[in-house]
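One structure is given below, encoded as structure tokens.
2 protein chains.
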Amino acid sequence: MSQIQFDLSNVLADAIGSDHGLTMEELLADQARCSAALAEIQARRDKDLRWLDLPYAQDVLDSILDYASSVNGRFKNIVVLGIGGSALGNTALQSALGSPFHNVEPPPGVARLFVLDNIDPDLVGEFLDHFDPDHTLFNVISKSGGTAETMSQFLIFRARLVQHLGEEGHRDHIVVTTDKENGVLREIVEREGYESFIVPDGVGGRFSVLSPVGLLSSALVGIDVKGLLKGAADMDKRCQNEALMENPALLYALVQHKLHEEKGMPIAVTFPYSHRLANMAAWYAQLLGESIGKRLSKSGEEVFRGPTPVSAVGVTDQHSQVQLYVEGPFDKWFTLMTVGTGDHEVKIPQTPASFRDLEGVDYLGERSLRELFQAERDGTRIALTDAKRPNASIHFETITAHTVGQYIYMMELAVALMGEFYDVDAFDQPGVEAGKVAAYALMGRAGFEAERERIESASCATK
Amino acid sequence: MSQIQFDLSNVLADAIGSDHGLTMEELLADQARCSAALAEIQARRDKDLRWLDLPYAQDVLDSILDYASSVNGRFKNIVVLGIGGSALGNTALQSALGSPFHNVEPPPGVARLFVLDNIDPDLVGEFLDHFDPDHTLFNVISKSGGTAETMSQFLIFRARLVQHLGEEGHRDHIVVTTDKENGVLREIVEREGYESFIVPDGVGGRFSVLSPVGLLSSALVGIDVKGLLKGAADMDKRCQNEALMENPALLYALVQHKLHEEKGMPIAVTFPYSHRLANMAAWYAQLLGESIGKRLSKSGEEVFRGPTPVSAVGVTDQHSQVQLYVEGPFDKWFTLMTVGTGDHEVKIPQTPASFRDLEGVDYLGERSLRELFQAERDGTRIALTDAKRPNASIHFETITAHTVGQYIYMMELAVALMGEFYDVDAFDQPGVEAGKVAAYALMGRAGFEAERERIESASCATK
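The listed protein sequences derive, respectively, from chains A and B.
The first sequence maps to residues 46 to 508 in our numbering.
The second sequence maps to residues 46 to 508 in our numbering.
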């Protein structure tokens with residue numbers, strides 16, 4: 046089983062010059078600071094950062110696999126009702142480890158998977174028009190049960206199920222993932238007797254993909270969830286090592302911080318050269334953006350910190366974003382995600398005799414599509430490097446549950462460590478509250494009358 | 046038929062203060078510069094910027110509609126083989142104006158639409174595994190015919206078609222969109238006798254969605270392409286007006302430029318509050334990034350210019366990116382895309398009697414999902430404004446071909462005008478060449494031997 050590899054050659058001054066590149070000496074000079082950050086995070090493993098131990102929850106894994114096998118073949122559709130950290134990981138896993146055409150033509154006996162992570166009535170209404178709740182299992186995910194979007198969807202689909210299947214019959218079509226004992230959704234589970242799974246304490250939304258939040262829907266469509274946890278555990282062990290060059294999470298966090306703060310690069314581009322990994326970049330965008338984007342430092346000083354995550358996908362975005370990446374401002378650095386081999390090899394056929402004189406197509410004949418794909422990837426890497434743009438790579442020899450699990454754990458730990466380097470609390474999200482409060486006020490929720498008055502008196506914002 | 050509305054209230058100093066906001070006086074002081082930019086672009090309408098006249102190509106529209114009606118019902122799948130500007134618009138139109146579940150359950154008699162905008166063998170190979178070319182129509186799109194990705198896909202699918210249907214039979218399954226007379230693909234059309242459409246001169250890839258590039262696949266799945274052109278024409282007329290406050294494209298371009306250059310905001314976030322419009326933001330990301338991201342000014346000075354486009358979607362990304370947007374650095378401005386009403390109204394049912402004592406769900410009962418959706422949108426707008434983040438809105442009363450056509454034309458013209466304000470050539474993409482040349486060299490294409498030697502001697506970049 047192969048390890049994913051982090052390669053920072055093209056981030057170094059040797060490759061791109063010292064205006065935009067880091068030197069190995071600079072990086073190694075931060076070893077002590079890195080060791081301290083790692084120790085700080087690891088010390089919280091048994092306290093508030095319980096997500097660090099998710100790879101070892103064997104009993105949870107067993108219960109998920111048991112449940113999945115008990116419903117196997119019973120449903121045509123699995124629907125995740127969740128948003129943000131209760132949706133992005135699910136989508137990313139399905140894209141990485143399932144077929145891009147899974148929902149158009151699911152494998153025999155396997156359900157389709159829909160992650161309904163928006164309440165746009167044009168999405169939810171279309172879903173209701175197309176899919177029969179009788180053949181659908183809904184996985185309602187919210188740690189607190191206070192997520193307005195998810196609870197509205199729950200009420201809508203529950204009513205539809207009850208209408209078709211009755212109070213008793215509807216219960217088998219709902220499985221809930223929420224807090225062990227607190228919150229409205231746990232209370233509902235108890236009153237209704239729904240099957241349920243636990244979002245453990247110390248596991249925030251954006252760090253929850255390796256809990257039942259991400260694993261249950263994956264298991265239900267046949268993804269190797271055991272392999273995911275094995276990969277994560279392997280990365281955990283690798284990242285116990287405080288030696289900077291041996292610890293990819295630590296090195297990644299340090300490179301991110303130094304390129305941002307010392308080289309003036311506030312934009313972090315995740316650039317998978319893989320159609321399958323495209324949604325992993327969206328998962329990471331939440332992890333990075335929500336964890337490090339903070340108004341206050343740990344000591345409460347106003348700092349307005351945070352890199353901006355951007356995602357692109359190769360080769361597609363060579364024809365969209367690479368112009369800007371190669372020629373625009375020196376305000377970005379790049380993490381390519383590269384893949385060695387895949388499940389499919391497609392050969393470009395011999396150029397037909399009638400086209401053989403056409404220079405623009407002839408060189409393609411009898412090459413493999415992967416050869417072209419990798420040549421374009423390497424071409425872009427060379428162009429970025431020649432243009433002095435820092436570009437690291439995370440290399441997957443193959444995309445498997447095991448390598449994907451490694452990546453997830455690496456990035457979660459890296460972002461936790463970035464919190465130390467950026468000196469912000471990587472585990473809260475106070476900035477999300479203001480908008481929620483305003484929305485509650487506009488909805489007329491009890492207790493938010495004062496906010497409503499404030500909003501109504503400041504008319505400009507709601508025009 | 047309603048006009049889309051551009052509202053810049055929350056970009057103004059009155060709403061967010063003068064550190065981050067613009068004053069109306071500042072904007073109006075640039076009227077002369079704006080008039081000059083508009084005159085400069087409009088003067089090129091009959092020369093190299095022929096895309097400005099695409100809304101009036103009645104004969105092209107007729108030929109597309111004729112072709113679409115001639116193949117109506119004959120194919121189960123339409124596949125676009127194209128990339129970048131030959132793909133992003135197609136995807137955006139289908140998302141905006143079709144169902145999100147179109148390919149899972151297409152309307153009776155209507156084909157599925159796949160835009161295969163990557164050559165990842167794990168995508169193309171999966172496609173080959175799942176779909177029968179016998180029932181598929183391929184629209185090969187490349188102005189030059191020199192696009193390696195598209196030509197490889199063409200060779201692969203052509204061979205498959207010939208194998209199943211024979212040399213003669215395969216021809217009805219291919220329709221080509223390319224240059225009128227130049228390039229390999231036009232030569233192939235002539236040799237093979239494929240049906241074909243023209244990418245007119247003066248229409249660059251990212252400005253081509255209203256040409257057959259974007260219209261043909263749309264017409265084939267029943268999108269009202271006539272309405273798109275009508276919307277674009279209406280916006281064209283609106284934007285002939287040089288009065289800044291009456292010309293949304295001009296105003297948008299000026300706001301983008303001033304917030305970037307004068308308020309230090311290099312990141313432009315397009316934030317549709319609409320599942321359907323999410324892919325429009327990806328289309329705009331190419332348009333903005335590739336047009337304005339340039340190393341050289343018009344006079345050839347090295348300037349490394351260009352805003353970075355970012356896209357988010359509401360309400361989903363409230364749970365992913367809004368934390369960063371509200372609390373992070375003051376380096377972003379926001380364009381919300383808002384929608385008045387939609388095709389679906391979904392009512393949240395009365396809270397079941399057994400949950401009515403649960404405060405976190407009770408307030409949702411008997412409200413409409415749109416009410417919640419809009420309250421969250423307005424809540425986010427209020428939170429951004431309170432945090433002094435410039436946020437404009439483009440409002441669609443409804444999402445129709447007519448309003449989408451307006452938006453496309455508005456943004457194309459706005460980006461052309463930005464080229465004047467940023468003093469860069471908005472219509473070339475020299476930075477894409479370097480990567481292509483390196484890829485050709487790595488593929489061993491004739492004529493690129495010197496580049497190959499250079500690459501092989503600089504091993505670091507290809508590790």
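Even for Gly, the Cβ is constructed at its ideal location relative to N, Cα and C.
No experiment lies behind these values; they were computed from the predicted model shown.
The DSSP assignment places 323-337 as complete runs of the alpha helix (DSSP H) inside the region 302-363 of chain B, in order along the chain (cut-off: 4 residues). Lys392, Ile393, Pro394, Gln395, Thr396, Pro397, Ser399, Phe400, Leu403, Glu404, Gly405, Val406, Asp407, Tyr408 and Leu409: these are the residues of the region 392-409 of chain A whose beta carbon lies less than 9 Å from some beta carbon of chain B, given in chain order. Counted as a single uninterrupted DSSP element, the beta strand (DSSP E) harbouring leucine 158(B) occupies residues 157-160. Within the same chain, and ignoring the five residues on either side of leucine 168(B) in sequence, the residues whose Cβ sits closer than 8 Å to its Cβ are Leu161. Under the Cβ distance rule, proline 257(A) does not count among the residues neighbouring chain B, no pair being separated by less than 8 Å. Neighbours of histidine 175(A) in chain B, taken as residues whose beta carbon is under 8 Å from its own, are Ser144, Phe146, Val149 and Glu150 in chain order. Under the Cβ criterion of 8 Å, proline 293(B) is not counted among the residues facing chain A. Serine 413(B) is bridged by DSSP to Lys392(B). Chain-order list of chain A residues neighbouring threonine 361(B): Ile128, Gly129, Ala132, Asp162 and Asn163, by C-beta distance under 8 Å. Shown here for asparagine 55(A): same chain residues with a beta carbon closer than 6 Å to its own, the five before and five after excluded, namely Thr430 and Asn436 in chain order. Out of Asp107(A), Glu70(A) and Gly276(A), the CA that lies nearest to the CA of methionine 46(A) is found in Gly276(A).
The region 74-81 of chain B makes contact with the region 287-297 of chain B; the number of CB pairs closer than 8 Å reaches 3 or more.
A Cβ of chain A is located within less than 8 Å of the beta carbon of alanine 479(B). Looking only at Ala428(A), Gln48(A) and Pro354(A), the smallest Cα-Cα distance to leucine 369(B) is reached by Pro354(A). Listed in chain order, the positions of the region 211-238 of chain A with a beta carbon within less than 7 Å of a beta carbon of chain B are Val229, Glu232, Ile233 and Arg236. Here the alpha carbons of valine 248(A) and aspartate 93(A) stand approximately 8 Å from one another. Among the residues facing chain B, histidine 305(A) is not included, as its CB has no counterpart in that chain under 8 Å away. Counting only residues of its own chain and dropping the five nearest sequence neighbours on each side, threonine 425(A) has a CB closer than 7 Å to the CB of Gly359, Gln363 and Val367. Valine 449(A) has its alpha-carbon roughly 40 Å from the corresponding atom of aspartate 407(B). When the five nearest sequence neighbours on each side are left out, the beta carbons in the same chain lying within less than 7 Å of the beta carbon of glycine 272(B) are those of Thr445, Ala446, His447 and Gly450, in order along the chain. In the three-state DSSP reduction, glutamine 366(A) falls in the coil class, being neither helix nor strand. From the beta-carbon of arginine 415(B), the residues of chain A found nearer than 8 Å are Pro166. Each residue's CA atom was taken as its position, placing valine 244(A) and aspartate 269(A) some 20 Å apart.
Against chain A, the CB of threonine 353(B) has a partner CB under 8 Å away; the residue lies at that interface. Between valine 477(A) and isoleucine 337(A) the beta-carbon gap is near 14 Å, outside 8 Å, which marks them as no contact. The beta-bridge partner set that DSSP reports for glutamine 50(A) consists of His440(A). Within 10 angstroms of the beta-carbon of asparagine 122(A) lie 16 or more other beta-carbons, which makes it buried. For glutamine 451(B), no chain A residue has a C-beta closer than 9 Å to its own C-beta; the minimum C-beta separation is roughly 19 Å. Taken in chain order, the complete alpha helix (DSSP H) segments of 4 or more residues contained in the region 206-268 of chain B are 229-237 and 257-265. The DSSP-derived three-state label of lysine 275(B) is helix.
Counting of Cβ neighbours within 10 angstroms places threonine 386(A) among the exposed residues, the total staying below 16.
Selection Ala432(A), Gln198(A) and His320(A) evaluated against isoleucine 393(B) yields Gln198(A) as nearest (Cα-Cα). Pairing leucine 462(A) with alanine 294(A) gives a Cβ-Cβ distance under 8 Å. Secondary-structure assignment with DSSP links methionine 382(B) through a beta bridge to Pro317(B) and Ile439(B). Residue environment analysis places tyrosine 101(B) among the exposed positions, since fewer than 16 neighbouring C-beta atoms fall within 10 angstroms of its C-beta.
As DSSP reads the structure, asparagine 122(A) sits in a beta bridge with Arg157(A) and Thr181(A).
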